[in-house]
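Numbering (this note's numbering), first residue to last: 117 to 245.
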């Protein structure tokens, strides 16, 4: 018979748990492509973690944490661009790796600003099969 502690260690799959970290090393089907035919974003709960699945205008899929790194705006309302998903609040653009690639005001104020290079949201790779 397993102890409660051992049972929790083997069955909990949330972020930061031993089994959760192991399971994140493998591919998991999360949605049918047909579910994304009439929408750009979709909420997904996978291994105890809330995420946003999106398709940008080039047809690339991304899977990222649900809130913008800037002001925590819910990215379910994100605006699909040619190469990523734009936060509807202040317009920060993220690519499928979670990297911030554009910050509209900062680039206008200082074209040499590199702050965006330091912004990385948690994201997972997505493959369409």
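Note that CB positions come from ideal geometry on N, CA and C, so glycine has one too.
From what residue to what residue does the alpha helix (DSSP H) around residue i run?
i           : result
residue 222 : 220-225
residue 139 : 134-139
Taking all protein chains shown into account, decide if residue i is buried (16 or more other Cβ within 10 angstroms of its Cβ) or exposed.
i           : result
residue 212 : buried
residue 115 : Limits of the chain in this structure are 117 at one end and 245 at the other, which puts residue 115 out of reach.
Return the first residue and the last residue of the beta strand (DSSP E) that residue i is part of.
i           : result
residue 117 : Unbroken run through residue 117: none, as it is neither H nor E.
residue 166 : 165-171
residue 238 : Per DSSP, residue 238 belongs to no beta strand (DSSP E) and is neither H nor E.
Please state the DSSP three-state secondary structure of residue i.
i           : result
residue 232 : helix
residue 125 : helix
residue 244 : coil
residue 180 : strand
residue 152 : helix
residue 142 : coil
residue 205 : coil
Is the segment 183-190 in contact with the segment 200-214, if contact means three or more CB pairs nearer than 8 Å? yes
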